[in-house]
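Trainee:
2 protein chains.
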Amino acid sequence: MDTHAVLMRMATEEDLDQIVYMLADDELGKTRERYEQPLPETYRKAFHSIDSDPNNELVVACIGEEVVGVLQITFIPYLTHQGGWRATIEGVRTATSVRGKGVGSQLIRWVIERAKERGCHLLQLTTDKKRENALHFYERLGFKATHEGMKMKLYIT
Amino acid sequence: MDTHAVLMRMATEEDLDQIVYMLADDELGKTRERYEQPLPETYRKAFHSIDSDPNNELVVACIGEEVVGVLQITFIPYLTHQGGWRATIEGVRTATSVRGKGVGSQLIRWVIERAKERGCHLLQLTTDKKRENALHFYERLGFKATHEGMKMKLYIT
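Chains A and B, in that order, give the protein sequences.
Take 1 as the starting number for the first sequence in the numbering used here and just add one per residue.
Take 1001 as the starting number for the second sequence in the numbering used here and just add one per residue.
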């Protein structure tokens, strides 16, 4: 595939199957996602929540008809930094067929411009410490690991 | 002050002055906030963006009329984890007058319940590696530092 011909666009519901496939086709993702036919309804519900929120954007990287990358951006207004907006990215995945071919970098560079367009002063993400390659990938793109990313699982009783 | 009598509630515009004072009265905050009278308009604008977004909540901890703590929660729908919602917290501060008296812990415990009420399966935050005490504070409350928190400053040209 010609990874020079990658185009970014907002995801549509028709992309959902390919997106969930990529989320599940991943070292950590395979333990927590459920890619099956029909797709579990929870993914469709989440898609509609994201799609209807002007501060959330699901972006796909495409080569022709094929979806080869995905990520979600959330734009958040904060009081800190004198009332500055930030962009948070999450769920970054590329298809195994294009891995190591620069699609991920193109996707992140696109997001940097999108976050600037939305007036954000900061772009942020957390990456699992188990993903050693990811840390270096993001550092090469200009991110700095200045913070601890802390998580707490919640169990609804 | 009796820190057993702390009440949490949603912030109103009338609290904004006390909130920005707390944000600025902080080792890192003092280098990036501007607490002055009248308050810079950017804070008021950010407050309205937060207040009008159903997925953002600005919460204050109060003792009587006095605001002694603040944080912001953002509820985010994701495709990952089978379409699960997360809560992200940011801008956590307590007033110097009550520091070390458990107000911060009470605030975080309140947020844990609020995030469950909203159906979130994960509560997350990033804390600057320069804030050594903060890491232990969050670990004691049940957070795990499993991720790197990566940031990129954006300069809008």
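Where a beta carbon is used, it is the ideal one built from N, C-alpha and C, also for glycine.
In this text, all values refer to a predicted model and were calculated from it rather than measured experimentally.
Since aspartate 1017 of chain B is in the alpha helix (DSSP H), which residue starts that stretch and which ends it?
Mentor: For the purposes of this step, residue 1017 of chain B is taken as the residue at position 17 of the second sequence. Taken as a continuous stretch (DSSP letters only), the alpha helix (DSSP H) holding aspartate 1017 of chain B covers 1016-1024.
Trainee: Could you compute how far the alpha carbon of asparagine 1133 of chain B sits from the alpha carbon of arginine 1140 of chain B?
Mentor: As a position in the second sequence, residue 1133 of chain B is number 133, starting the count at 1. As a position in the second sequence, residue 1140 of chain B is number 140, starting the count at 1. Distance between the alpha carbons of asparagine 1133 of chain B and arginine 1140 of chain B is about 11 angstroms.
Trainee: Does alanine 87 of chain A pass the burial test, meaning 16 or more other C-beta atoms within 10 Å, or should it be called exposed?
Mentor: Position 87 of the first sequence holds residue 87 of chain A. So alanine 87 of chain A ends up on the buried side.
Trainee: How many angstroms separate the CA atom of valine 1068 of chain B from the CA atom of leucine 1135 of chain B?
Mentor: If you number the second sequence from 1, residue 1068 of chain B lands on position 68. If you number the second sequence from 1, residue 1135 of chain B lands on position 135. Near 21 angstroms, if we compare the C-alpha coordinates of leucine 1135 of chain B and valine 1068 of chain B.
Trainee: Can you give the beta carbon distance from cysteine 1062 of chain B to arginine 1009 of chain B, rounded, assuming they're within the 8 angstroms contact cut?
Mentor: On the second sequence, position 62 is the one that residue 1062 of chain B refers to. On the second sequence, position 9 is the one that residue 1009 of chain B refers to. That pair is a contact at about 7 angstroms.
Trainee: So which residues of chain A does histidine 1121 of chain B contact, with C-beta pairs closer than 9 angstroms?
Mentor: Residue numbering aside, residue 1121 of chain B sits at position 121 when the second sequence is read from its first letter. Chain A residues near histidine 1121 of chain B: Lys153, Leu154, Tyr155, Ile156.
Trainee: Counting pairs of beta carbons, one from the segment 1038-1048 of chain B and one from the segment 1087-1098 of chain B, are three or more of them closer than 8 angstroms?
Mentor: Not touching, per the Cβ criterion.
Trainee: Check this for me: beta carbons of methionine 1150 of chain B and glutamine 106 of chain A, under 8 angstroms apart or not?
Mentor: By one-based count along the second sequence, residue 1150 of chain B stands at place 150. By one-based count along the first sequence, residue 106 of chain A stands at place 106. No, the Cβ-Cβ distance between methionine 1150 of chain B and glutamine 106 of chain A is not below 8 angstroms.
Trainee: Just how far apart, CA to CA, sit leucine 154 of chain A and tyrosine 1043 of chain B?
Mentor: As a first step, residue 154 of chain A must be located in the first sequence, where it is residue number 154. As a first step, residue 1043 of chain B must be located in the second sequence, where it is residue number 43. Cα to Cα, the separation comes out at about 32 angstroms.
Trainee: Whole-angstrom Cβ separation of histidine 1147 of chain B and threonine 126 of chain A, contact assumed at under 8 angstroms?
Mentor: Your numbering for residue 1147 of chain B matches position 147 in the second sequence. Your numbering for residue 126 of chain A matches position 126 in the first sequence. Correct: roughly 4 angstroms between the Cβ atoms.
Trainee: Name the DSSP beta bridge partners of threonine 1127 of chain B, please?
Mentor: The sequence position of residue 1127 of chain B within the second sequence is 127, counting from 1. Beta-bridge pairing links threonine 1127 of chain B to A/Glu148.
Trainee: Taking 8 angstroms as the CB-CB cut-off, is aspartate 1015 of chain B touching chain A?
Mentor: Within the second sequence, the letter at position 15 stands for residue 1015 of chain B. False, the Cβ-Cβ gap to chain A never drops below 8 angstroms.
Trainee: Can you give me the C-alpha to C-alpha distance between leucine 23 of chain A and leucine 7 of chain A, rounded to a whole angstrom?
Mentor: Within the first sequence, the letter at position 23 stands for residue 23 of chain A. Within the first sequence, the letter at position 7 stands for residue 7 of chain A. Cα-Cα distance, rounded: 19 angstroms.
Trainee: Any residues in the segment 1028-1041 of chain B with a beta carbon nearer than 7 angstroms to a beta carbon of chain A? Which ones, in chain order?
Mentor: Answer in chain order: Arg1032, Glu1033, Arg1034, Pro1040.
Trainee: Considering only C-alpha positions, which residue in the set A/Ile89, A/Phe75, A/Gly91 is nearest to glutamate 117 of chain A?
Mentor: Taking the first residue of the first sequence as position 1, residue 117 of chain A is located at position 117. Selected option, being the one with the closest Cα: A/Phe75.
Trainee: By DSSP, does valine 1103 of chain B sit in helix, in strand, or in coil?
Mentor: Residue 1103 of chain B sits at position 103 when you count from the first residue of the second sequence. Here valine 1103 of chain B sits in helix by DSSP.
Trainee: Using a Cβ-Cβ cut-off of less than 7 angstroms, list which residues of the segment 67-83 of chain A approach chain B; keep chain order.
Mentor: Flagged, chain order: Gln72, Thr74, Ile76, Pro77, Tyr78, Leu79, Thr80, His81, Gln82, Gly83.
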